[in-house]
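At position 566 of the sequence shown the residue is numbered 566 (UniProt numbering), and the sequence of numbers has no breaks.
Cβ coordinates follow ideal geometry from the N, Cα and C atoms, glycine included.
Let me begin by presenting the structure, written as structure tokens, before commenting on it.
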Amino acid sequence: MTSLRLALTELKRFSHGVLPKLVMLAVTLVPLLYGGVYLYSNWNPYGRVDNVSAALVQSDRGATDESGKHVNTGEDVAKELKDAGNFDWQDVSTRQEAVDKVEKGELGFALVIPSDFSQKLLSTSRFQPDENGKTGEVDPQKAGLEIITNDANNYLLTNIVEKAGTSVRDTVASQVGDETANQLLASFTDIHGQLVEARDGSQKVTDGTVQLGSAIDRLKGGTSDLVSGSQRLNSGAHQLHDAENQLVDGQRQGLDGAQQLDDGAQQLDSATGQLADGTGQLRSGAGQLKDGTQQLADGSGQLKDGTATLAQGATQLKDGTAQLSSGATQLKDGTAQLSSGATQLKDGTGKLVTGATQLDQGIGQLDTQLKESGISQVGDNLTGVCRDLSSFNDQKATGRLGTDVSNAVVSENAKIVRETLQQQVKDGTIDLTQQQIDAIVGTLGGEQAHQRINDATAKGLNDFEATDIGKDLASLRSSTCAANGVSQIAQQIDQLTGGVAQLKDGSSTLAQGVKSADSAAGTLADGAKTLDEKTGELADGAKTLDEKTGEAKSGIATLDEKTGELADGAKTLNDKTGQLVSGVNQVDDGAQQLNSATGELTDGTGQLVSGSQQLLDGQTQARDGAYTLASGTDDAVSGATQLDDGAGQLQSGSSDLEDGSKNLTDGLRQGANKVPNLDESQRSSLAKVMSDPVANDHDSLATAANYGEGMGPFFMSLALWIGVLITGQFVRPSNERAQASNTSNFRIMLGSWIPFAVVSVAQAAILFTVVKFALGFEMAHPWLVLWFMLLVSVTFSAIGQGLIFLLGNPGKLLVLILLILQLVTGGGLMPYQTLPQPLLWMHDAFPMGHSITAIRRLAYGVDESSVWTIVWMMVGYLLIGIALGFLGAIRSRTWTLSKLHPEIEA
């Protein structure tokens, strides 16, 4: 037997006869009776509260406001309530009568407006001051509206009335607050105007204080000037007195001085005679000085001639060294023979160095003595120079320099070769006998070697003799010593020191050049000793000797130039001495004139003594008058100071007054700027906001049109569960014939559940049709709501059928118990979060709470995606119900005594 055949068998049972059909119809319509009729009766209860009768007790006597107008706010409130028509208001004269009618249930509630309602409302606006600025006693009081209810009549009505009373209170409070705020803002406007008037008046006071302060400042400036002037006058008077005292004292001293001057003039007259005699002697001495400078100029000219001769000798020396350099180049192949000659050349240049050094030392001594002792020692210094030159000139030359050099070179070369060969034989470098060495040395020192070296050096040195320098130096000594006569005018030739210093530089240059030549000769000797390896250095040394001789020539030329400058200086000194003689003559003429004028001065000093005595007498009288003036100015200063102190105090007070007036004006201006100045329109709009400052902006994500739509998801889910409960009362949970057959347990379970599911689907479809189309439930997703209700109905049927199939009659009771628990915990009336803590878990455990949530979201169109979770939860509950039915099918095939004889018959 198939599951479908089992289901049809059970459903056909209700098709025979009228009563089974009526039973099936009733079972199908029971959810509609609960869900549809209940929703219809509560579809819009708040829209019909105007049928509720209520008592309105208006006892307000009214009151008089600040302007003298009679106000009765109670009558206005009563009229507005009746015009609104929210309730069926009936006038009741007294509060007690209203209480009696509410208590008996004749009226739903009562609203009482007390007799002092208007008076208390006006108490909040009685704060305006009178003409004297007094506000009087301020005693604000709250005005109350009394609402009388009776929960025995209806509890929900009490909640509705309390909300209505709150609305009335808010409306009245807004109106009263509007009037109070308007009066307050009007007071601010009056205050602003009065502050502006006070500010303008204060500004005028401030302007006056500024003018007063300016006048007082000018007064203070005048008194200060008066004090300052009087002090200056007093100071001047005292200074005048002191000055007069000093003048008197000075005049006395002047008288004494005039007398002394007269005595001095007489002495001066005597001294000027002596001065005239002295200037005559000075004129004679100046003539002698002129003769001495002339002799100095002549001697320096002779010195210039001597240095010119020395320059010519240096030129000849330069030519000789040039020839020496050329000969040294030719001697490169015979360096061994040149060593002895180079040594002698070194000795000759050494002598030349000695002479040049002595010359430099002599001129140095001349310069030093000239600086240290003055021009008076010039003669002695020149004598020492001449002596040195004579000593140098007397030195004997050894003969012709070329011959001496060649002999020295040959001899020294032979000696060096001998020593070198002997050392090499000793070291084993060469193998020679002593006879062979003597033969080689004899060859190098023989006549032939002498002749070859002599021919080579004769070309460069033949014309140069050591006596040539002696001749030049003798000429220099002769010209220099001719200047001995200059010692007579040593004190008059300071300009000579510069020329002597330049002469010293020239002689130093000469000595340095000669020393360089000597060094070059030494280099030549050392180069000859190193044989062939150093032969090139001999030529370099000869070249260096030539260069240094050129430097010596340049130094001698400089010496000649500086000697010329010395001669020019001596000539200039001679010219200046002539000017000195002319000046001395003029001094002598002036001395003669001074001697004549001192006689006239003596006569004038006598007259000065007489006038000074008369001036002393007049100055004494002026001093007495200055004392009287100083005493009077002391009193003037004291009075002016007191006047200035008073003006200063007045100025300080005026400044404080001006500052205070400005502060007052600024304060009034700031106060006027801070106090609002509103016109009537601004006060009205601002008062409305102040009386009702907070507005509720209600943004609803989903809105139910009325109470019925709000409660619809809850009653629809509840009706489906009730439908399962009623179906279990008439439809059998299982087929006993099938249980006795060999039909599988699953087919038995499925065949027993299908009739429950078919009836539940029919119940859900009929309920949706009536609620949607008959009651007008506007849904965001109506067809999704239908499909979800079908899923819920099938799930509820599986759970109910499984419990009854498994437990029998106790299962029906359990289905009823689950109905009651889900009715409480499903969150249909109140949020489930308000449940007691022990019951909260039931909301999540039972399916009805989830079905209510899903239907709400689909009907209102909010968070539809979350419905999928609930759909899968419904599938889970469906599987639980099927599992219960499967267990019931298994259990139904087991027979026990309790099953054969149940304690409670169905």
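Looking at the DSSP output, Gln621 bridges to nothing. With respect to the C-alpha of Lys101, the residue from Val57, Gly85 and Ser118 having the closest C-alpha is Val57. Between Pro733 and Ser760 a beta carbon distance of about 14 Å is seen, past the 8 Å cut, so the two are scored as non-contacting.
Residue pairing for Glu864: DSSP places it in no beta bridge. One alpha carbon belongs to Arg891, the other to Arg856, and they sit about 39 Å apart. The beta carbon of Val99 sits closer than 8 Å to those of Ala110 and Ile148, all from its chain and outside the five residues before and after it, given in chain order. Assignment of Ser53 by DSSP, reduced to helix, strand and coil, places it in the strand class. Proximity to Asp589 across Thr209, Asp277 and Ser214 peaks at Asp277, based on C-alpha coordinates. Within the same chain, and ignoring the five residues on either side of Asn72 in sequence, the residues whose Cβ sits closer than 7 Å to its Cβ are Asp60, Gly62 and Ser118.
Look at His70 here: in three-state DSSP terms it is strand. Relative to Ser224, the option among Asp645, Asp844, Gln259 and Leu839 whose CA is nearest is Asp645. Runs of the alpha helix (DSSP H) lying entirely within the segment 752-822, each at least 4 residues long, are 782-807 in chain order. Here Lys812 is not near Gly888, since their CB atoms are 8 Å or more apart. Within the DSSP bridge table, the entry for Glu419 names no partner. Annotated three-state conformation of Ala143 is coil, per DSSP.
Straight through space, the alpha carbons of Leu835 and Leu829 are spaced by roughly 11 Å.
Straight-line measurement puts the Cα of Val92 at about 45 Å from the Cα of Ala719. In the pairwise beta carbon analysis, the segment 787-805 is classified as not touching the segment 819-829: fewer than three pairs are separated by under 8 Å. The straight-line gap separating the alpha-carbon atoms of His70 and Glu97 is approximately 28 Å. CA-CA distance, Thr158 to Val771, rounds to 30 Å. Within its own chain, the residues whose Cβ lies closer than 6 Å to the Cβ of Leu790, once the five positions on either side in sequence are excluded, are Val761 and Ala764, listed in chain order. Closest in C-alpha terms to His238, from the list Ile160, Asp624 and Gln361, comes Asp624.
If you check the CB distance, Phe756 and Ser797 come in under 8 Å. DSSP links Leu111 through a beta bridge to Leu56 and Ile147. Bounds of any alpha helix (DSSP H) do not take in Asp65, whose DSSP letter is neither H nor E. In terms of Cβ geometry, Ala854 and Phe777 do not form a close pair [threshold 8 Å].
By the C-beta density criterion, Val792 is buried, having at least 16 other C-beta atoms within 10 angstroms. The DSSP-derived three-state label of Trp43 is coil. Around the beta carbon of Val18, fewer than 16 other beta carbons lie within 10 angstroms, which makes this residue exposed.
Residue range Asp88 to Asp91 is occupied by the beta strand (DSSP E) that includes Asp88. Here Ile820 is exposed, its C-beta having fewer than 16 other C-beta atoms within 10 Å.
The Cβ atoms of Lys79 and Trp89 lie no closer than 8 Å to each other. Counting the other Cβ atoms within 10 Å of the Cβ of Glu709 gives 16 or more, which makes it buried. Thr628 counts as exposed, since fewer than 16 other C-beta atoms from the protein chains shown sit within 10 angstroms of its C-beta. Listed in chain order, the non-local C-beta contacts of His843 below 8 Å within the same chain comprise Thr825, Gly826, Gly827, Tyr832, Leu835 and Gly849, local neighbours out to five positions each way being set aside.
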